[in-house]
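4 protein chains.
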Amino acid sequence: MTTPPTLGIGLVGYAFMGKAHSNAFKKIPYLLNQPPAIPLLLGIAGRDPAKVQEAAGRYGYQHAYTDWREMLADERIQLFDNGAANNAHAKPCIAAAQAGKHLLCEKPLARSAAEAQTMLEAAQKAGVKHMTAFNYRFVPAIRQAYQLIQSGKLGKIYHFRATYLQESSVSYNQRPFTWRADKEQAGSGAIGDLGTHIIDLARFLVGNVTTVSALTRTFIPQRPNPQTGLAVKVTVDDAFAALIEFENGAMGTLEATRSAAGNLNNQSIEINAENGSLRFNLERLNELEVYWCDSEPRETRGWSQISVTERYHPWMENWWPHGHIIGWEHTFVHEIAHLLDCIVNDKNVAPLGATFEDGYQANLIADAIQTSAETRHQVDVPA
Amino acid sequence: MTTPPTLGIGLVGYAFMGKAHSNAFKKIPYLLNQPPAIPLLLGIAGRDPAKVQEAAGRYGYQHAYTDWREMLADERIQLFDNGAANNAHAKPCIAAAQAGKHLLCEKPLARSAAEAQTMLEAAQKAGVKHMTAFNYRFVPAIRQAYQLIQSGKLGKIYHFRATYLQESSVSYNQRPFTWRADKEQAGSGAIGDLGTHIIDLARFLVGNVTTVSALTRTFIPQRPNPQTGLAVKVTVDDAFAALIEFENGAMGTLEATRSAAGNLNNQSIEINAENGSLRFNLERLNELEVYWCDSEPRETRGWSQISVTERYHPWMENWWPHGHIIGWEHTFVHEIAHLLDCIVNDKNVAPLGATFEDGYQANLIADAIQTSAETRHQVDVPA
Amino acid sequence: MTTPPTLGIGLVGYAFMGKAHSNAFKKIPYLLNQPPAIPLLLGIAGRDPAKVQEAAGRYGYQHAYTDWREMLADERIQLFDNGAANNAHAKPCIAAAQAGKHLLCEKPLARSAAEAQTMLEAAQKAGVKHMTAFNYRFVPAIRQAYQLIQSGKLGKIYHFRATYLQESSVSYNQRPFTWRADKEQAGSGAIGDLGTHIIDLARFLVGNVTTVSALTRTFIPQRPNPQTGLAVKVTVDDAFAALIEFENGAMGTLEATRSAAGNLNNQSIEINAENGSLRFNLERLNELEVYWCDSEPRETRGWSQISVTERYHPWMENWWPHGHIIGWEHTFVHEIAHLLDCIVNDKNVAPLGATFEDGYQANLIADAIQTSAETRHQVDVPA
Amino acid sequence: MTTPPTLGIGLVGYAFMGKAHSNAFKKIPYLLNQPPAIPLLLGIAGRDPAKVQEAAGRYGYQHAYTDWREMLADERIQLFDNGAANNAHAKPCIAAAQAGKHLLCEKPLARSAAEAQTMLEAAQKAGVKHMTAFNYRFVPAIRQAYQLIQSGKLGKIYHFRATYLQESSVSYNQRPFTWRADKEQAGSGAIGDLGTHIIDLARFLVGNVTTVSALTRTFIPQRPNPQTGLAVKVTVDDAFAALIEFENGAMGTLEATRSAAGNLNNQSIEINAENGSLRFNLERLNELEVYWCDSEPRETRGWSQISVTERYHPWMENWWPHGHIIGWEHTFVHEIAHLLDCIVNDKNVAPLGATFEDGYQANLIADAIQTSAETRHQVDVPA
């Protein structure tokens, strides 16, 4: 391989997303056949001093910060990666943009479209690369589906159908009250956390959404404070379902919930088109099902269960022999490698990756879902 | 077995539904351990003289009629079974009710709730037994699901999710223009034909529906006349999707389409509740998936893939040893046996079977789907 | 339809197989588009006078007999159908052949190859049609697989793999001692009961078997007498596994057991060939999986999950619209319709159906399995 | 986490296994909650100077060697990891043992049991830790299965059934002649490469094997030399199937092949026992299916489809939230972490990991398979 350039990284967050992103930064140099860049892990920031120190040691970040502002002062940092909670997305990203740093921000980009817009504008004004971390665009099977759709072989799309079912909130005690149950901090519940993933896949795979009709539910209106045990009012949704219309005439359904017992991480995508259909499930992310209306011989026509693990499938030449599956964490390797490539080679993050524009659009639809549920009317998504 | 009474049958329709119902009438006497009644196949009616004659010979009906009015004159006929097209449901059923005959009518009960109401009133006034042929209530796995819900073991229901996907209308030439594409004759398209099945299952399994928000689509606006080849305007929907709210607080999604390539008869039902979840697919109708939140040991907790073929599963003691699956046609045997039992033993058709009241309620929701799609508003279902 | 000829039927056995065969006789006239013949249910024989009388009434047989010899005296009977226990196959079939009656006999044809040979010779000498009831040849998916293999499209076969797993004998009390556990009456255990089905499918789909190496097991050496509760020695196998070689160079594995918990009727067939592969499972008998090495585009190459329910699939034009599945019982309709067609139109039962020759060959292999297990040597199957 | 000790590593091989092992060494320090040791990547050895240099740079090994003897001279190396071809297992491992280094060797341990024995004796004499890299013991679902069996909850085991199906050799040109097709270099074909994995799982999950009966096949007797294109004689098997008996009375079947079209990496394991059954498939390695004979309520008894991704499943607390699947590569992380733990804390590699003793036992069975296939007799496995 040709020697790739280095790129200085500063990360906010050491928990779930901090771990997933750090793992990607560390694997890119030695596992990709042609790493676009070698990440230099310069700084990691987080509120708890002991925890951020432990994370820095564990992942090999040079400095640990309890204030992201200090970290931004390190001029060697070229990419600012924000894996913090939803209410800590906008301010740090805007400051980082103003400091001329490229941006990666976890989803949902913001708590509302208005907030997202300020982030988008800052990024655009700064002229930096920006990505919203919709990592499921980087599942090989999803990219393969995208390529099939883009090739035109499937023809006109009629139906899009997506559900994202989890079970974390089925019972009162199972999920104590956290920031995720507080509208002020989280913006929304299942809508922002799970829903924006499938909203983004709808836009990525099918196109612009023009209208939304929706229902929301908070099945359990209070949750126990994990310290005091006292009941606290939940101000976000446990679940939503929405009907959507696409600019290209297709219709769609979206549903996300944290109250679906037995569904650990069940994100399911279906597309029905003129010449065939697609099906995908995140818990079997190495698989894709495709039906072609005209496959021959007709006696054996059916849903092809594809192991998306061949060298000719997206990204898979970097990994293992066919049938040797990859896991959820690999989506971040692909995502971040794409961003690094865009940064060091000045390529466009879109359409293969999601930009802050895509993050903003997802927030627009998330807002429309809430508005429709409140007003009982279909809502137009602003163009 | 004790000798069961006989019951005189008169059937309208010799095509798809005529075949399915006739098969049930013929199998009940020799395959059920305790047949509730022995159907006497007295008359069959249909418009095409040659075809109705052929059907009478094939199935063993004593008389063939080209006018159902004549058939109704046979006083030995106790059960009038209407398997005709949607626009030939009301008038014959009402006349039969007035003649004091018990009623079985294919779904959708009528082209509209208003029309259904006239049928319901006639049946009630006549004091006869009446059933709408929502045969999927009589799938053993569905009945088993119903029993689990009724037992309370699943707890409060949060989510109901149903799709009924077929592919008959994917392309222009695949489905020529028939009465099914004409609103005047059919009332609606996928809504009435496929949608009312899952509407009824929503009501059967979860309960009353209070609101509806919906989208509809006619993807291919014209279809070729099968004789002339000329394009004819389609006046019904190819597909719909709806959000529903239940009286008990659950939320639901419904979708039916004839434009989902690769889906031959894909009716899928999911329920998520407080203590567990259920999944069912009609193309594997002998199977049910159940998840219990508290199953032990927790290391092996998962979705139980149940072969609903044990002697202790609904109806299965009548059939074959476990694992020896039954087919789609068997649902009609169970359904009609239930109706015969209700007639000869004066039992209630509901709640296990669907009455004309249930057929009317399904039409009300079907109407609400169309209204919501037109008005872009959420619609209240009349109580 | 043209009016088919009638054919007089005499059946031995009123239990499981009597029910399955009677159902087929009754359905053929009204459900097949072109019934080859109309069975006349003339006689049914069985040892228990009350039960055979009940069965005659239930299925509509004109006469009930407690001695099959008397039934054979009815000259109108043209087809003698033997659904009795294994030790009551040979004598009645040979007598029926001598009386000039066509023969249908349940599997295993006999308790040993030597016994089967006497039946085969009697049938051949009498010049009657003869069929061994290997009904799984008449599963549409299996027939479809056969056609794909015969067409040459799959190329040279490398592997055949079949298991037939049931759970009836997992525990001591679950399966009391019956004739099936007694070598004198049954000939063998899982080998004859389950094993001969997959032995026959090996021969039907791949070809002649030349060698056998095998293991057998009787996991629970005694069973309780259902009347007395006393333990009785089991003299047959609970399970066997075998390696086989085919004349055409393919290798195969066979396994059947009654001790596989959770497997209700799990018959699984796999074939790997030069240009593709096949998979089938009896509990999902409407489905077939096919892999083609050269399917295009390669990005969507995978196992095609086929719903074998299209009008162009074997027999399916007689039944219901696609995706409306058939059940286990339908295999008997196809099987017996084939035999009726062969009888009234003087066609060959083989190769599509199994003859007594095929039954004899299956017994030869069943014997070889037992010999190999005893001697610990590979055994040549007599040519 | 407490600061773990470091451990010096020297690796032979930079290809497939070199990549998998290096990845594990690199992930252990930052992804495991409590890494047992921090591997120091001191040396990597391989024949091609450019390739070994590239690998050293890529993975961060301090030195690249073209002769493993030189690498062994580095006294800081404590663990010698052999990922070379089968004919380069014995000599380096024995030399490393003599140099007092702990040993990890890829499977099959050797080309024959005799060769394996020399390795085992060297390791035992040196008193070092030794592991054969049967990584599938370290799939969470397999470890979970092992724990269920060990707990006694499944009861007496009746059946073990394993297949390992790949498709690399289906056609003549697909797999050119390499060292893997040469008995002198590889020892055997599918037997050693795929078969020893399932042999080891048989021993790990069920216990000692006492007898073997087997068939082998070389479907395509020649392969093209990749340089010259000339046909070269294949001297190893493409496939084998075997019947095995276990010391504890269970019976088993084993089959491995490189000629099963459509099977990319299809390793399938089934166990049927007194109280339940297990099923596993490597292409869905995050899943395990378990059936309990006595699960209640009986109406929902079935195969539990378990997502082995909960924090309480083996190793999973180190990874991601439930339903966020891991991949094939993670088995090496678990395996090598176990070995490191055994080395630095002086624990026993067995029974959870496979030692050279286990590697030798697998070679004994592999030899018995070949002997049985040649002699057509059942072969006793030496105790």
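Residue numbers (our numbering), protein chains in the order written: chain L, 1 to 383; chain D, 1 to 383; chain B, 1 to 383; chain F, 1 to 383. The beta-carbon is built from N, C-alpha and C at its ideal position, and this holds for glycine as well.
Quiz item: Using a Cβ cut-off of 9 Å, which residues of the segment 243-272 of chain D contact any Cβ in chain L, in chain order?
Solution: L243, I244, E245, G249, A250, M251, G252, T253, E255, T257, S259, A260, A261, G262, N263, E270 and N272
Quiz prompt | For D/R137, three-class secondary structure by DSSP | solution = Residue mapping note: residue 137 of chain D aligns to position 137 of the second sequence, counting from 1. In this structure, D/R137 counts as helix in the three-state DSSP scheme.
Practice problem: Have a look at the DSSP bridge pairing and note the partners of D/Q222. | Solution: Taking the first residue of the second sequence as 1, we reach residue 222 of chain D at position 222. Answer is D/K233.
Quiz item: Counting only beta-carbon atoms, is D/Y30 nearer than 7 Å to chain B?
Solution: Translated into positions along the second sequence, residue 30 of chain D becomes position 30. The beta carbon of D/Y30 sits closer than 7 Å to some beta carbon of chain B.
Quiz item: Thinking C-beta only, is B/L194 closer than 7 Å to B/Y164?
Solution: To locate residue 164 of chain B, count along the third sequence from 1; it is residue 164. To locate residue 194 of chain B, count along the third sequence from 1; it is residue 194. For B/Y164 and B/L194, yes; Cβs fall inside 7 Å.
Quiz item: Using the beta-carbon of each residue, which ones in chain F are nearer than 8 Å to B/L215?
Solution: Locating residue 215 of chain B in the third sequence gives position 215, counting from the first residue. Correct list: S213, L243, E245 and M251.
Quiz item: In chain order, what residues of the same chain lie with their CB nearer than 8 Å to the CB of B/A261, ignoring the 5 residues before and after it?
Solution: If you number the third sequence from 1, residue 261 of chain B lands on position 261. Result list for B/A261: E167 and V170, in chain order.
Quiz item: Around the C-beta of B/Y312, are 16 or more other C-beta atoms found within 10 angstroms, so that it is buried, or is it exposed?
Solution: As a first step, residue 312 of chain B is located in the third sequence; it is residue number 312 there, counting from the start. Exposed, by the Cβ-count rule.
Quiz item: At which residue ranges does the segment 330-367 of chain D contain complete alpha helix (DSSP H) runs of 4 or more residues, listed in the order of the chain?
Solution: 330-344
Self-check item: Spatial distance of L/E70 from L/A97 (CA atoms)
Solution: Indexing the first sequence from 1 puts residue 70 of chain L at position 70. Indexing the first sequence from 1 puts residue 97 of chain L at position 97. About 15 Å.
Quiz item: Relative to the C-alpha of F/W303, which residue among F/V290, F/A373, F/P314 and F/G229 is closest?
Solution: Stepping through the fourth sequence from its first residue, residue 303 of chain F is reached at position 303. Of the candidates F/V290, F/A373, F/P314 and F/G229, the one whose C-alpha sits nearest the C-alpha of F/W303 is F/V290.
Quiz item: How far does the alpha helix (DSSP H) with B/R203 in it reach, from first residue to last?
Solution: Within the third sequence, residue 203 of chain B is the residue found at index 203, counting from 1. T196 to L205 is the span of the alpha helix (DSSP H), which, as asked, contains B/R203.
Exercise. Mind checking which residues open and close the alpha helix (DSSP H) that includes D/E115?
Key: The residue labelled residue 115 of chain D in the question sits at position 115 within the second sequence. A113 to A126 is the span of the alpha helix (DSSP H), which, as asked, contains D/E115.
Quiz item: What separation, rounded to the nearest whole angstrom, lies between the Cα atoms of F/H251 and F/E374?
Solution: Along the fourth sequence, read from residue 1 onward, the residue named residue 251 of chain F stands at position 251. Along the fourth sequence, read from residue 1 onward, the residue named residue 374 of chain F stands at position 374. The question names His, yet the displayed sequence has Met at residue 251 of chain F. For F/M251 and F/E374, the distance between alpha carbons rounds to 22 Å.
Self-check item: Limits of the unbroken beta strand (DSSP E) element including F/V52
Solution: For the purposes of this step, residue 52 of chain F is taken as residue 52 along the fourth sequence, with counting starting at 1. Run containing F/V52: none in the beta strand (DSSP E); it sits in the alpha helix (DSSP H), P49 to Y59.
Exercise. Helix, strand or coil for L/Y291, going by three-state DSSP, please let me know.
Key: Reading the first sequence from its first residue, position 291 is the one you call residue 291 of chain L. DSSP places L/Y291 in strand when its eight states are reduced to three.
Self-check item: Beta-carbon gap between F/D200 and F/T235 smaller than 7 Å
Solution: Along the fourth sequence, one-based indexing puts residue 200 of chain F at 200. Along the fourth sequence, one-based indexing puts residue 235 of chain F at 235. No. Outside cutoff.
Self-check item: Outcome for F/R175 when other beta-carbon atoms lying within 10 angstroms are tallied against a minimum of 16
Solution: Taking the first residue of the fourth sequence as position 1, residue 175 of chain F is located at position 175. Counting Cβ neighbours within 10 Å, F/R175 comes out buried, since at least 16 surround it.
Quiz item: With B/L7 and B/L340 assumed to form a contact (beta carbons below 8 Å), what rounded beta-carbon distance in angstroms separates them?
Solution: As a first step, residue 7 of chain B must be located in the third sequence, where it is residue number 7. As a first step, residue 340 of chain B must be located in the third sequence, where it is residue number 340. With 8 Å as the limit, B/L7 and B/L340 qualify as a contact, their Cβ atoms being about 6 Å apart.
Exercise. Could you name the residues of chain L that B/S307 contacts, counting a contact when the two beta carbons are closer than 7 Å?
Key: For the purposes of this step, residue 307 of chain B is taken as residue 307 along the third sequence, with counting starting at 1. Within 7 Å Cβ-Cβ: G302.
Exercise. Tell me where the beta strand (DSSP E) around F/L104 begins and ends.
Key: As a working mapping, residue 104 of chain F is identified with position 104 in the fourth sequence. Note, F/L104: beta strand (DSSP E), H102 to C105.
Quiz item: So what does DSSP say about D/I325, is it helix, strand or coil?
Solution: In the second sequence, residue 325 of chain D corresponds to position 325, counting from 1. If DSSP states are grouped into helix, strand and coil, D/I325 belongs with coil.
Self-check item: Pairwise C-alpha distance: L/F280 and D/S295
Solution: Looking up residue 295 of chain D in the second sequence gives position 295. Looking up residue 280 of chain L in the first sequence gives position 280. Near 28 Å, if we compare the C-alpha coordinates of L/F280 and D/S295.
Exercise. Would you kindly check if the distance between the Cβ of F/V308 and the Cβ of F/Q147 is under 7 Å?
Key: Position 147 of the fourth sequence holds residue 147 of chain F. Position 308 of the fourth sequence holds residue 308 of chain F. No.
Quiz prompt | Cα-Cα separation between B/A368 and B/A186, rounded to whole angstroms | solution = Walking along the third sequence from the start, residue 368 of chain B turns up at place 368. Walking along the third sequence from the start, residue 186 of chain B turns up at place 186. Roughly 16 Å between the two C-alpha positions.
Quiz item: How about F/G83 and F/G13: are their beta carbons less than 7 Å apart?
Solution: Here residue 83 of chain F refers to the residue found at position 83 when the fourth sequence is read from its first residue. Here residue 13 of chain F refers to the residue found at position 13 when the fourth sequence is read from its first residue. It is a contact, given that the beta carbons lie within the stated cut-off.
Quiz prompt | Limits of the alpha helix (DSSP H) - the one that F/W68 falls within | solution = Counting from 1 along the fourth sequence, the entry for residue 68 of chain F is found at position 68. Taken as a continuous stretch (DSSP letters only), the alpha helix (DSSP H) holding F/W68 covers W68 to L72.
Quiz prompt | With 16 other Cβ atoms within 10 Å as the buried cut-off, status of B/A230 | solution = What you label residue 230 of chain B is simply residue 230 of the third sequence in a count that begins at 1. Inspection of the sequence shows that residue 230 of chain B is occupied by Leu rather than by Ala. Exposed: under 16 other Cβ atoms inside 10 Å.
Quiz prompt | Cβ of F/V209 within 7 Å of any chain D Cβ | solution = On the fourth sequence, position 209 is the one that residue 209 of chain F refers to. So, not an interface residue.
Quiz item: Could one say the Cβ of B/V333 lies closer than 7 Å to chain L's Cβ atoms, at least one of them?
Solution: Residue mapping note: residue 333 of chain B aligns to position 333 of the third sequence, counting from 1. Taking Cβ atoms only, chain L never reaches closer than 7 Å to B/V333, which makes this a no.
Quiz item: Should B/Y164 be flagged as near chain D, meaning a C-beta pair shorter than 7 Å?
Solution: Counting from 1 along the third sequence, the entry for residue 164 of chain B is found at position 164. No, B/Y164 lies away from the interface with chain D (no Cβ there is under 7 Å from its Cβ).
Quiz item: From D/A15 to D/S277, what distance separates their C-alpha atoms?
Solution: Here residue 15 of chain D refers to the residue found at position 15 when the second sequence is read from its first residue. Here residue 277 of chain D refers to the residue found at position 277 when the second sequence is read from its first residue. If you draw a straight line from the Cα of D/A15 to the Cα of D/S277, it comes to about 38 Å.
Quiz item: If you draw a straight line from the alpha carbon of D/K347 to that of B/T331, how long is it in whole angstroms?
Solution: As a working note, residue 347 of chain D is residue 347 in the second sequence. As a working note, residue 331 of chain B is residue 331 in the third sequence. Approximately 36 Å between the Cα atoms of the pair.
Quiz item: Does the beta-carbon distance from F/S259 to F/D238 come in below 7 Å?
Solution: Stepping through the fourth sequence from its first residue, residue 259 of chain F is reached at position 259. Stepping through the fourth sequence from its first residue, residue 238 of chain F is reached at position 238. Yes.
Practice problem: Note down the Cα distance separating B/A110 from F/H338, rounded to an integer number of angstroms. | Solution: In the third sequence, residue 110 of chain B corresponds to position 110, counting from 1. In the fourth sequence, residue 338 of chain F corresponds to position 338, counting from 1. About 56 Å.
Quiz item: At what residue ranges does the segment 142-188 of chain L contain a whole run of the alpha helix (DSSP H), taking only runs of 4 or more?
Solution: 183-186
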